[in-house]
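Trainee:
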Amino acid sequence: MKVYFALILLVFSVSITKVHGQNYKTGVGIRLWSDAEISIKHFVSNQVAVEGIIELRRKAVGTTLLFERHTTAFDISELQWYYGLGGHIGFWQRENDNRPIFSDNSEMVAGVSGIIGLEYTIKEIPFCISIDYKPLVNIIGYNGLVNTGALTIRYVF
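Its first residue numbered -5, the sequence shown is counted upward by one per residue in my numbering.
(1) Among the residues of its own chain, which have a CB less than 6 Å from the CB of lysine 35, if the five just before and after it don't count?
(2) So who's on the other strand from serine 124, going by DSSP bridges?
(3) What separation, rounded to the nearest whole angstrom, lies between the Cα atoms of valine 140 and leucine 26?
(4) Should glycine 152 go down as buried or exposed, given a rule of 16 or more other Cβ atoms within 10 Å for buried?
(5) Is the separation between the beta-carbon of glutamate 72 and that of glutamate 49 shorter than 8 Å?
(6) With a floor of 4 residues, list each alpha helix (DSSP H) that falls wholly inside the region 27 to 89, ordered by position along the chain.
(7) Please report the straight-line C-alpha distance between tyrosine 153 and isoleucine 47, rounded to a whole angstrom.
(8) Is serine 107 closer than 8 Å to glutamine 87 when the C-beta atoms are compared?
(9) Let me check understanding here. Comparing Cα to Cα, which of Lys53, Val38, Ala54 lies closest to leucine 60?
(10) Going by the CB atoms, is the gap between histidine 82 and glycine 56 shorter than 8 Å?
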């Protein structure tokens, strides 16, 4: 947990500039809830963004790619609703197995991911904060619905 706070403080101290035009063009940060993930979001137009998420846990590694549509929430330009769809792929190891993640007992999973959330861009400092719900359905490997979500903090360019 100390690493997360040090990363946040480092990013705060790197640069303080205003965000212009579209709330931001690209953002890089961390998603926090039960696990920590790395998030990179890039706007390809004023309302459409592509988000890549990298998950690194003790018993799993994976990546998700989402296409998201953003729209103003509650007539506040810094506050945006977003929703989207994409896919994920990863490898996971059962909790009671102590072998390395890429051993012959690890299982590949792949499927469809969705996302819906609310994001606030702080124009005085180059950061945004969002909270989301991200359900996913595995089609390959462990079949079924998995409900996830996160609080995300991103440095924005």
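All residues carry an ideal CB built from backbone N, CA and C; glycine is no exception.
Mentor: For this structure:
(1) Working through the sequence shown from its first residue, we reach residue 35 at position 41. Counting only Cβ-Cβ distances below 6 Å, and skipping sequence neighbours, we find Gly21, Ala43, Glu45.
(2) Taking the first residue of the sequence shown as position 1, residue 124 is located at position 130. The partner list for serine 124 (beta bridge, DSSP) reads Glu113, Thr146.
(3) Start at 1 with the first residue of the sequence shown, and residue 140 comes out as number 146. Start at 1 with the first residue of the sequence shown, and residue 26 comes out as number 32. Between valine 140 and leucine 26, the C-alpha separation is close to 17 Å.
(4) Lying outside -5 to 151, the shown extent of the chain, residue 152 is not represented and no answer is given.
(5) The sequence position of residue 72 within the sequence shown is 78, counting from 1. The sequence position of residue 49 within the sequence shown is 55, counting from 1. Contact: no.
(6) none
(7) One cannot answer for residue 153 here, as it falls past the ends of the chain, which runs -5 to 151.
(8) In the sequence shown, residue 87 corresponds to position 93, counting from 1. In the sequence shown, residue 107 corresponds to position 113, counting from 1. Their beta carbons are not under 8 Å apart, which means glutamine 87 does not touch serine 107 by this criterion.
(9) Taking the sequence shown and counting its residues from 1, the one referred to as residue 60 is at position 66. When only C-alpha atoms are compared, the closest one is Val38.
(10) Indexing the sequence shown from 1 puts residue 56 at position 62. Indexing the sequence shown from 1 puts residue 82 at position 88. Yes, they are a contact pair.
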